[in-house]
Amino acid sequence: MQDLDLGIGEGADAVVTFVLDHFTPALDIIAAAIGFVTGGIRDALVALPAPAAIAIIVLLALWRVGWKFAVFAVAALLLITGMGLWERMMETLSLVLAATAIAMVVGIPLGIAMARSNVVQAVARPVLDLMQTMPAFVYLIPAAMFFGLGAVPGTIATVIFAMPPVVRLTNLGIRQVHHEFIEAGEAFGCTPVQLLMKVQIPNALPSIMAGVNQTIMLSLSMVVIASMIGAGGLGNTVLTGIQRLDVGTGFEGGLAVVVLAVLLDRITQSFSAPRQGFLLKRLFGAAAAQKNEAPSGALVAPKA
Amino acid sequence: MDSLTPLPQDVAGDDAAPPVKIALRNVYKVFGDHSDDALRMVRAGRDKADIQAETGCTVGVDDASFEIRAGEIFVIMGLSGSGKSTLLRLINRLIEPSSGAILIDGQDITKMSRRELTAVRRSTMGMVFQSFALLPNRTVLDNAAFGLEVAGMAPAERHAKARAALEAVGLGAYVDSRPDQLSGGMKQRVGLARALAGEPSVLLMDEAFSALDPLIRTEMQDELIRLQAERSRTVVFVSHDLDEAMRIGDRIAIMQHGRVVQVGTPDEIVMSPANDYVRSFFRNVDVSHVFRAGDIARETQVTLIERRGMAIPAALERMRRHDRDVAIVVGRDKTYHGMVSVDSLAEAARRAEPDPYHRALLPGVEPIAAADTLSEVMGRVAESPHPLPVVDEDRRYVGSISKTALLQTLDRSGN
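Laid out in structure tokens, this is it:
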């Protein structure tokens with residue numbers, strides 16, 4: 000019995016080999032650029048003394064969320080320090096931030112392009128579906144082949160997995176800007192760029208920020224997997240736990256990931272659904288209110 | 000109709016008419032993918048339902064041609080789906096016309112490039128929207144300054160102008176508020192200020208007051224009329240509300256299924272509706288608010304011209320011949336002097352007093368001003384035992400209103 004074989008696997012193999020044979024210089028440039036971003040953020044975060052970093056995160060929590068959450072943040076961060084995972088957590092955070100930054104730089108313009116053109120949307124949609132559903136290990140291997148081991152392929156794999164929500168929600172947010180706002184913008188003489196910058200993006204901002212939040216959360220789940228190709232961070236702790244069948248180490252690593260996830264989620268969510276800690280609200284008064292208030296009644300996208 | 004024909008000619012008429020500000024020439028708008036085919040069918044006079052069935056296109060505006068004069072409040076009226084909002088959006092090309100010419104100050108905007116169009120929108124046109132369309136992330140001041148901002152005006156200058164516009168609509172104290180902190184009426188004042196800040200010569204208003212409750216709506220209409228009178232702006236106002244159209248409109252265009260079926264002054268449209276559709280608008284309208292005393296006053300009464308040496312017997316003879324109990328005494332320039340009755344004249348003649356007409360004037364007959372609406376004068380006409388005289392602003396006699404004439408007019412609205 001002969002199985003039908005369309006040769007798709009061989010095709011993919013051939014493409015990877017072809018890229019490796021002919022585009023190595025280009026790959027090196029990409030790797031250097033991403034390495035620069037990832038390395039820069041990582042160096043800055045690791046160099047930051049732990050008390051200073053804790054102070055910044057707690058103040059952020061106090062300002063954006065509230066004093067209860069700030070208390071939780073203090074306890075959570077002390078717990079991580081107590082487990083001796085501070086440096087690893089900062090590595091993971093740097094990977095998440097680098098991946099999110101790249102995802103935003105690529106994803107938000109792509110989302111805008113999708114909102115403005117049905118053709119772009121039709122093309123981009125299946126690609127986004129592919130990025131989200133393809134098992135991560137499948138592109139982890141070629142990523143390592145193209146860019147070697149380390150933080151760079153880890154970041155790239157994370158970007159691939161985590162970018163779709165910010166693209167989708169940017170697209171959705173801009174498409175859902177009320178028709179009359181667009182008409183008002185046009186009627187008062189906006190150029191297309193002015194319409195985008197002054198009407199569409201400000202009104203889509205809550206949706207875009209919800210996308211950024213989702214991208215951060217997906218990055219965090221991906222960096223653990225990315226540690227298999229040497230991305231480092233808390234993923235290494237978890238991996239070590241698995242490899243040595245050391246339940247305690249694995250649990251500590253996992254707990255640190257959860258704590259980081261909760262902190263990142265609550266703080267970034269506060270930027271899409273405006274809410275303020277009452278203490279700092281009084282301190283900063285109207286100035287802070289004006290800077291950070293997003294439109295009320297605006298769309299807050301459902302979690303992907 | 001016939002009972003009301005002797006009407007004074009429309010005083011706002013054609014003498015010294017202001018220049019044409021906006022002109023539409025054979026403007027069509029067809030929505031859909033095969034608009035060329037559909038357009039050909041519309042021009043051939045095919046039924047809109049057929050066109051829809053054959054091409055999938057809907058006809059928004061069908062051969063609209065009219066002119067709007069500078070300084071005029073021009074109301075486009077029709078039921079929902081009649082194409083009135085589409086027609087308004089063709090004027091600033093928020094919707095691209097399928098064919099035809101739209102001239103603003105003599106320039107055809109349908110032939111303009113994107114850049115020219117943007118320049119015209121910034122310099123000559125302001126727009127007010129039904130649901131306000133205020134940007135929620137901006138303060139009231141920045142909303143009002145929006146048009147100036149996109150036109151590239153420096154912050155200090157545009158904020159000064161926006162502040163002035165907000166003060167003109169009575170919102171000077173709310174510059175730092177957010178739109179969601181304001182009531183509906185206040186929001187629309189911001190919308191109006193935003194449209195006025197750039198000092199446009201044309202104001203496009205799309206059902207601007209429809210979302211407001213009736214009291215606020217009337218207030219806003221008065222506000223609009225005041226603002227329009229201060230600087231003679233051309234206002235194109237879309238409304239589905241006949242009362243509103245009659246109240247503020249200098250002229251009204253009535254749309255039905257995408258066609259402009261009638262253009263005229265409120266009086267012309269009430270007096271001689273072009274078809275049953277137009278007539279149907281008045282069914283629910285209280286004409287007592289629409290008609291003015293001058294519109295239905297008729298010269299059916301005997302008028303006596305007060306002059307020296309005029310004998311009373313001649314006057315009594317004329318009244319008897321016309322079978323009238325009362326007569327109106329006017330001067331040679333038709334100024335109203337008063338009303339006399341057969342009895343009062345006979346009494347004056349019996350006493351052989353000098354200046355007989357003057358002595359015979361009935362006490363307590365106060366003439367009605369021609370500009371008063373019927374609702375304002377209804378009570379007095381009903382209570383008066385005889386027809387009441389109507390005078391214009393120079394106190395010249397224009398006719399009188401009898402109970403019968405009043406009832407006939409009011410009755411017309413019911414048919």
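Those protein sequence lines, which keep their order, are chains A and B. Residue 0 is where the first sequence starts when you use numbering that gives the first Met the number 0, and the numbers rise one by one after that. Residue 0 is where the second sequence starts when you use numbering that gives the first Met the number 0, and the numbers rise one by one after that. Note that the Cβ used here is the ideal one computed from N, Cα and C, for glycine as well.
Can you find the residues in the same chain that come closer than 6 Å, C-beta to C-beta, to A150/B, ignoring five residues on each side of it along the sequence?
R121
When you compare the region 17–34 of chain B with the region 61–79 of chain B, are there three or more beta-carbon pairs, one atom per stretch, that lie closer than 8 Å?
yes
Under 9 Å, Cβ to Cβ, is there at least one residue of chain B near V198/A?
yes
Distance, Cα to Cα, P163/A vs E115/B?
39 Å
Bridge partner(s) assigned by DSSP for V26/B:
A63/B
Three-way DSSP call (helix, strand, coil) for L203/B in this model
strand
Output yes if chain A places a C-beta closer than 9 Å to the C-beta of V149/B; else output no.
yes
Here's the rule I'm using: 16 or more other beta-carbon atoms within 10 Å means buried, otherwise exposed. How should L405/B be labelled?
buried
With a threshold of 9 Å between beta-carbons, can A159/B be considered close to chain A, or not?
no
Backbone CA spacing between A260/A and L140/B [nearest angstrom]
40 Å
Residues of chain A with CB closer than 7 Å to the CB of S130/B, please, in chain order.
E179
For P384/B, count the other beta carbons within 10 Å of its own beta carbon; 16 or more makes it buried, fewer makes it exposed. Which is it?
exposed
Check distances from the C-beta atoms of the region 113–138 of chain B to those of chain A and list, in chain order, the residues that come in under 9 Å.
R113, R114, L116, T117, A118, V119, R120, R121, S122, M124, G125, M126, F128, Q129, S130, F131, A132, L133, L134, P135, N136, R137, T138
For chain A, find out if any of its Cβ atoms is closer than 9 Å to the Cβ of A192/B; answer yes or no.
no
For L94/A, which residues from the same chain have a beta carbon less than 8 Å from its beta carbon, with the 5 sequence-adjacent residues on both sides left out?
T37, R41, A150, G153, T154, T157, S218, V222, A225, A230, G231, G232
Which same chain residues end up closer than 7 Å to K333/B when comparing Cβ atoms and leaving out the 5 residues on each side of it in sequence?
R395, Y396
On the three-pair Cβ rule with 8 Å, is the region 208–226 of chain B touching the region 184–191 of chain B?
yes
Between the CA atoms of C56/B and A33/B - distance to the nearest angstrom:
Before going on, a small fix: residue 33/B reads as His here, not Ala. Rounded to the nearest angstrom, the two C-alpha atoms are 7 Å apart.
Segment contact, 8 Å Cβ cut-off, at least three pairs: the region 123–137 of chain A with the region 173–188 of chain A
no
Excluding sequence positions up to five away, which residues of its chain have a Cβ less than 8 Å from the Cβ of Y138/A?
A156, I159
Give the single residue among V389/B, L315/B, E53/B, D175/B whose Cα lies nearest to the Cα of G337/B.
V389/B
For the region 163–191 of chain A, list every residue whose C-beta sits within 7 Å of some C-beta in chain B, in sequence order.
E179, F180, E182, A183, E185, A186, F187, G188, C189, T190
Compute the Euclidean distance between the alpha carbons of Q51/B and M245/B, then round it to the nearest angstrom.
34 Å
Could you compute how far the alpha carbon of S374/B sits from the alpha carbon of H288/B?
6 Å
Roughly how many angstroms separate the alpha carbons of Q268/A and W66/A, rounded to a whole number?
16 Å
Consult DSSP for P163/A and reduce its assignment to one of helix, strand or coil.
helix
Apart from the five residues just before and just after V301/B, which ones in its own chain have a Cβ nearer than 6 Å to its Cβ?
R317, M318, H321, R323, A326
Taking 9 Å as the threshold (beta carbon to beta carbon), is L409/B in contact with chain A?
no
Alpha helix (DSSP H) segments (min. 4 residues) lying fully within the region 49–85 of chain A
49–63, 66–81
Check this for me: beta carbons of G99/B and T233/B, under 9 Å apart or not?
no
Reduced DSSP secondary structure (H/G/I, E/B, other) of L6/B:
Unreliable positioning characterises L6/B in this predicted model, as indicated by a pLDDT of 37, which lies under 50. The coordinate reading is nonetheless provided below. Note: L6/B maps to coil in three-state DSSP.
K402/B versus E382/B: straight-line alpha-carbon distance, rounded:
9 Å
Would you say R394/B reaches chain A, if we count a Cβ-Cβ gap shorter than 9 Å as a contact?
no
Where M196/A and V127/B are concerned, what is the direct C-alpha to C-alpha distance, given to the nearest angstrom?
22 Å
Can you give me the C-alpha to C-alpha distance between R88/B and A296/B, rounded to a whole angstrom?
41 Å
Under 9 Å by beta carbon: chain A residues contacting L405/B
Within chain A, no residue comes near L405/B; the closest Cβ sits about 45 Å away, beyond 9 Å.
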